[in-house]
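Peer 1: For the working numbering, count along the sequence shown from 1 and bump the result up by 24.
Using N, Cα and C, we set each Cβ at its ideal position, and we do this for glycine too.
In this text the structure is predicted, and so the values were computed from the model without any measurement.
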Amino acid sequence: MGRLKRLLARRADATVIQEVPGYLRVELRTTLFVDDAEFLLDRERNCIQVRSASRVGYSDLGKNRRRMEEIREAFRLAGARS
Numbered sequence: 025m026g027r028l029k030r031l032l033a034r035r036a037d038a039t040v041i042q043e044v045p046g047y048l049r050v051e052l053r054t055t056l057f058v059d060d061a062e063f064l065l066d067r068e069r070n071c072i073q074v075r076s077a078s079r080v081g082y083s084d085l086g087k088n089r090r091r092m093e094e095i096r097e098a099f100r101l102a103g104a105r106s
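1) DSSP three-state call for residue 97: helix, strand or coil?
2) Starting from the C-beta of residue 75, find all residues in its chain whose C-beta is less than 6 Å away, skip the five residues before and the five after it, and write them out in chain order.
3) Classify residue 41: buried if its beta carbon has 16 or more other beta carbons within 10 angstroms, exposed otherwise.
4) Are residue 27 and residue 98 closer than 7 Å when you measure CB to CB?
5) Could you say which of 25, 82, 90 and 29 lies nearest to residue 56 if we only look at CA atoms?
6) How is the alpha helix (DSSP H) around residue 31 delimited, first residue to last?
7) Using the Cβ count rule (16 or more neighbours within 10 Å means buried), how would you classify residue 91?
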């Protein structure tokens, strides 16, 4: 989770709201909207489970998914460099 937390800290749109071992709750902001994301370390499956949702029920034209894919790819690349 340390690698993920460092990656999120470098993003201007991300603020870690809650952190407990194996879990992060994050606010992700755009100019107009705030999305809530949760990252849960699943040791049994050796993965990080992700949940991200807009606080507003309207379409974001795919922004939330694109951002999660950006974070996932940056996490993968950071692991390759370690």
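Peer 2: Walking through what the data contain:
1) helix
2) Result list for residue 75: 62, in chain order.
3) It is exposed - the Cβ of residue 41 has fewer than 16 other Cβ atoms within 10 Å.
4) The answer is no: Cβ separation not under 7 Å.
5) Nearest C-alpha to residue 56: 82.
6) 26-33
7) buried
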